[in-house]
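The numbering used here puts the first residue of the sequence shown at 13, with every later residue one more than the last.
Working notes, beginning with the structure itself.
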Amino acid sequence: MGNTLNKIAQELKNSSKKVQLIFAFNGTGKTRLSMEFKKLLSDDEQSKSKMIYYNAYTEDLFSWDNDLENNLEPKLNIQTNGFTDWILKDQGKEREIINKFQKYTSEKLSPKFNEDYSNITFSYTKGNDESIENIKISKGEESNLIWCVFYSLFDEIISVLNIPEKEERETNEFDDLEYIFIDDPVSSLDENHLIELAVDLAELIKSSESDLKFIITTHNALFYNILANEFNNRGRNYKGKKKEFQKYRLEKNEDGLYELKKQNNDSPFSYHLYILKELKKAIEADKIKKYHFNLLRQILEKLSTFLGYGSWKRLLEPIEGDTDAYYNRIINLYSHSKHSMDEVAELRDGDKRVLKRLLEDIIEIYKFKVEGE
Numbered sequence: 013m014g015n016t017l018n019k020i021a022q023e024l025k026n027s028s029k030k031v032q033l034i035f036a037f038n039g040t041g042k043t044r045l046s047m048e049f050k051k052l053l054s055d056d057e058q059s060k061s062k063m064i065y066y067n068a069y070t071e072d073l074f075s076w077d078n079d080l081e082n083n084l085e086p087k088l089n090i091q092t093n094g095f096t097d098w099i100l101k102d103q104g105k106e107r108e109i110i111n112k113f114q115k116y117t118s119e120k121l122s123p124k125f126n127e128d129y130s131n132i133t134f135s136y137t138k139g140n141d142e143s144i145e146n147i148k149i150s151k152g153e154e155s156n157l158i159w160c161v162f163y164s165l166f167d168e169i170i171s172v173l174n175i176p177e178k179e180e181r182e183t184n185e186f187d188d189l190e191y192i193f194i195d196d197p198v199s200s201l202d203e204n205h206l207i208e209l210a211v212d213l214a215e216l217i218k219s220s221e222s223d224l225k226f227i228i229t230t231h232n233a234l235f236y237n238i239l240a241n242e243f244n245n246r247g248r249n250y251k252g253k254k255k256e257f258q259k260y261r262l263e264k265n266e267d268g269l270y271e272l273k274k275q276n277n278d279s280p281f282s283y284h285l286y287i288l289k290e291l292k293k294a295i296e297a298d299k300i301k302k303y304h305f306n307l308l309r310q311i312l313e314k315l316s317t318f319l320g321y322g323s324w325k326r327l328l329e330p331i332e333g334d335t336d337a338y339y340n341r342i343i344n345l346y347s348h349s350k351h352s353m354d355e356v357a358e359l360r361d362g363d364k365r366v367l368k369r370l371l372e373d374i375i376e377i378y379k380f381k382v383e384g385e
């Protein structure tokens, strides 16, 4: 039976777990869940000090000044706020943020904060040590930089709250903080850097000795599995008590309601099997959308890597018909569009038949065991 996101948020709030980890596809409602969770705390006058979150709205604190009119240096502006002022101006964490950013991207890519920390410019060092100044970085790199700022903030907050005596803390700004809610810090990272980010985040959270709780949501199965493994690693117990970790899947039903399904903490999340199940459900209900072709391609990419093929196109060769036509259909319907309306757009009947045919043949040829069969 489904619930509203408000009810799901209430369930998370009622949990005694130190860490709650949630997997959900993009478009399911992860970011909205973080805002519903925030609303639960807003009944309190002190709500601002009870929760800090990182999500898509957090990135709105950073915006580009492209200076197109004068063709001058593009700058990433930082909207004045207490958190970034504290971590940059008061704590002086600029160098740590830069180091973390370069760890996840490239040592050749260098952010430079201006004197009052109101904007950031970027340079790139080429192989001959020549530097290209005032470049504009990609959206993924921008998201990673913003994450590194907030990672540094979370690191400092955890260190402050680890001091049990409030009067001995360097600041009492976070004394009433109860939750850190992190929504999808993964953006355009290759697998090696994604693993580093996940391990770093898990180690940071495991260093928390206070009553601070963490909720993490993600659409990335690898990130989800690494975090789950890290929190289960060697049976580590938080604060010497019973293990305080729970993982979930968040699913949206056809009626618009949601289900938060507990997962076995000791079992990895079989992402490809879950996708196959979701694709079959969509086909059976005749609810095929454009993003279902995205999911099919993800399965093919992972399977081709596992089987040692250079290209997932080769997996289509045993299927009767025109391999190139199938391949091009998937490519054309596979989109990196940020517009959710594109992703949920209805498909033509011919495209639906192609998806159904490909899925059936892939399951048969490569001997997938799908739940329920």
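The beta carbon of each residue, even a glycine, is placed where N, CA and C say it ideally should be.
None of these values were measured; they are calculated from a predicted model.
Close Cβ partners of residue i (< 8 angstroms) along its chain, the five nearest in sequence each way excluded
i      : result
Met63  : Phe49, Lys50, Leu53, Leu189, Glu190, Tyr191, Ile192, Phe193
Asp97  : Tyr129
Tyr260 : Gln32, Leu33, Ile34, Phe35, Leu272, Lys273, Lys274, Gln275
Asp223 : Glu190
Leu216 : Tyr163, Phe166, Asp167, Ile170
Where residue i sits in the DSSP three-state scheme
i      : result
Thr392 : Absent from the model: residue 392. The displayed extent of the chain is 13 to 385, so no value can be given.
Lys350 : Note that Lys350 scores 41 on pLDDT, short of 50, meaning its location in the model is unreliable; the coordinates nonetheless yield the value given after this. Three-state result, Lys350: coil.
Ser59  : Because the pLDDT of Ser59 is 46, which lies under 50, any placement of that residue in the model is unreliable, and the number read from its coordinates should be weighed accordingly. Helix.
Gln91  : coil
Gln310 : helix
Lys273 : strand
Gly252 : Its pLDDT being 40, under 50, Gly252 is placed unreliably by the model, and the measurement read from it follows with that caveat. Helix.
Ser130 : coil
Glu355 : Low local confidence applies: a pLDDT of 46 at Glu355 is under 50, so the model's placement there is unreliable, with the coordinate-based value given in what follows. Reduced to three states, the DSSP call for Glu355 is helix.
Asn340 : helix
Asn67  : coil
Ile144 : strand
Lys301 : strand
Ile331 : coil
Extent of the continuous beta strand (DSSP E) run through residue i
i      : result
Val382 : Val382 -> no beta strand (DSSP E), and no H or E assigned at all.
Ser122 : 121-125
Leu262 : 257-264
Gln32  : 31-35
From the options, residue whose alpha carbon lies closest to that of residue i
i      : options                        : result
Thr40  : Leu173, Arg181, Asn237, Thr230 : Thr230
Ser282 : Asp363, Met13, Leu315          : Leu315
Ser220 : Lys301, Asn306, Pro176, Ile207 : Pro176
Leu84  : Glu119, Asn146, Ile34, Thr137  : Asn146
Thr16  : Leu269, Tyr236, Leu234, Gln275 : Leu269
Val172 : Ser164, Thr183, Glu313         : Thr183
Ser46  : Lys29, Pro123, Ala21           : Ala21
Tyr303 : Phe318, Ile287, Asn204         : Ile287
Ile107 : Thr92, Tyr129, Gln91           : According to the sequence shown, residue 107 is Arg rather than Ile. Ranking the options by Cα distance to Arg107, first place goes to Tyr129.
Asp77  : Phe257, Ser323, Lys148         : Lys148
Gln103 : Gly322, Phe162, Leu370         : Phe162
Gln275 : Leu262, His284, Leu285, Asp267 : Leu262
Ile207 : Lys115, Lys273, His284         : Lys115
Ser28  : Glu256, Asp373, Glu376, Asn241 : Glu256
Ile331 : Gly362, Leu319, Glu376         : Glu376
Ala240 : Glu23, Ala210, Asp267, Asn265  : Ala210
Val382 : Leu307, Lys292, Ala297, Glu71  : Lys292
Residue interval of the alpha helix (DSSP H) (run including residue i)
i      : result
Tyr286 : 283-296
Ser75  : Unbroken run through Ser75 is the beta strand (DSSP E), 74-77; no alpha helix (DSSP H).
Tyr163 : 151-173
Gln114 : 106-116
Leu53  : 42-53
Gln22  : 17-26
Contacting residues, own chain, Cβ-Cβ under 6 angstroms from residue i (five flanking each side not counted)
i      : result
Trp159 : Pro197
Phe95  : Leu165
Leu370 : none
Glu271 : Gly14, Glu263
Lys87  : Asp77, Asn131, Thr133
Leu121 : Tyr136
Glu355 : In this prediction, Glu355 has a pLDDT of 46, which is less than 50 and means its spatial position is unreliable; nothing more can be read from the coordinates.
Cβ neighbours of residue i in the same chain (closer than 7 angstroms, five flanking residues each side left out)
i      : result
Thr117 : Glu153, Asn156
Ile300 : Ala294, Leu359, Lys364, Leu367
Leu328 : Thr335, Tyr338, Tyr339
Tyr8   : The structure shown does not extend to residue 8, since the chain spans only 13 to 385, so no value can be given for it.
Phe113 : Pro123, Asn156, Leu157, Cys160
Lys350 : In this prediction, Lys350 has a pLDDT of 41, which is less than 50 and means its spatial position is unreliable; what the coordinates show is noted afterwards. Once the five neighbours on either side are set aside, Lys350 has no close Cβ partner at all.
Asp373 : Ile331
Below-7 angstroms beta-carbon distance, residue i vs any chain C residue
i      : result
Glu154 : Although the question refers to chain C, the structure presented lacks it and comprises just one protein chain.
**Continuous alpha helix (DSSP H) assignments of at least 4 residues falling wholly in the segment 194-250** = Runs of the alpha helix (DSSP H) inside the segment 194-250: 203-218, 233-244.
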